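Taking it in order: structure first as structure tokens, then the write-up.
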Amino acid sequence: MPKVQSFDGLDALSRAAAGDLATIVHDAVRDRGGCSIALSGGSTPKRLFQLLAADGRDALPWDRIDLWWGDERAVPPDHPDSNYNMTRQALIEPLGLDPARVHRMRGEASDLSVAARDYEDELVRALGSPPVFDYVMLGMGPDGHTASLFPGSPALAETRRFVVANPVSSPLTKGAATRITMSPPALNAGRHVRFLAAGADKAAPLKHVLEGPKDPKYPAQLIAPSSGDLVWFVDHAAAALLTGGRS
């Protein structure tokens, strides 16, 4: 059963998540000499990135941290919709992080299937098969999707590949689109998996994901770490419909 921590607003959620991330980073560097993090896009993690940047370069051992991404849109790296671009502006450039430790997905590639395969190969070389991240950051959309694992998309059934080009069709993607995404086997191999979810539009899907029956319409239910721990950091608005005192 995943643990759920509920907070009074996005800022409080983000500060708690930043403290949790810092602990995981320090433990990983102490135990294994480095820390590999899979980052999420979307609006919710931006505040967390800003807090990490505000703490300064010396707050964490950034020269031992490798940044990866759980998914990316089919856009250039300087595009406003790019997950990498949001992280670059909020975290990477303010801290002056080493480009060699920043591993972005090539959303601008003419063939996203090739870009996905290349990213998978890079992951396996660095982290093994399956690639084991020290920390996996995920969000959840109002439709229950996570990373770019959307309801009805073929990547939901992926059991062998770790990164795929996933064709999706959703109001959230404004119709048909293809995105690069890590698959459930890659995300579930993480040592510490963390969901960040804020806002009233997340309340109904969060209740179904955590308390409802298994339903392929809610891809976030597929996240069940094989040996790591899973914690949801949510605000009170997102937790409003949960039972058992979790809000």
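Residue numbers (the numbering used here): 6 to 252. We put the CB at the ideal spot given by N, CA and C, even for glycine. Computed from a predicted structure; not experimentally measured.
Nearest to residue i by CA position, among the options, is which residue?
i, options, result
"residue 155", "236, 178, 139, 125", "178"
"residue 115", "25, 222, 183", "183"
"residue 221", "150, 117, 97, 129", "150"
Can you find the residues in the same chain that come closer than 8 Å, C-beta to C-beta, to residue i, ignoring five residues on each side of it along the sequence?
i, result
"residue 211", "145, 202, 237, 239, 243, 244, 246, 247"
"residue 65", "27, 30, 31, 57"
"residue 17", "240"
Please list the terminal residues of the continuous beta strand (DSSP E) segment that includes residue i.
i, result
"residue 248", "Residue 248 -> no beta strand (DSSP E), and no H or E assigned at all."
"residue 193", "No beta strand (DSSP E) contains residue 193, which DSSP labels as neither H nor E."
"residue 172", "168-175"
"residue 142", "140-144"
Excluding five sequence neighbours on each side, which residues of the same chain lie with their C-beta closer than 6 Å to the C-beta of residue i?
i, result
"residue 47", "144"
"residue 53", "19, 22, 23"
"residue 141", "43, 192, 195, 198"
"residue 89", "82, 109"
"residue 175", "155"
"residue 80", "86, 87, 112"
"residue 45", "75, 142, 143, 144"
Who does residue i pair with in a DSSP beta bridge?
i, result
"residue 76", "186"
"residue 199", "142, 236"
Quick check on the DSSP output: the alpha helix (DSSP H) that includes residue i runs from which residue to which?
i, result
"residue 34", "15-37"
"residue 58", "49-60"
"residue 225", "No alpha helix (DSSP H) contains residue 225, which DSSP labels as neither H nor E."
"residue 44", "No alpha helix (DSSP H) holds residue 44; the beta strand (DSSP E) holding it covers 40-44."
Tell me the DSSP secondary structure of residue i in three-state form.
i, result
"residue 205", "helix"
"residue 11", "strand"
"residue 100", "helix"
"residue 154", "strand"
"residue 71", "strand"
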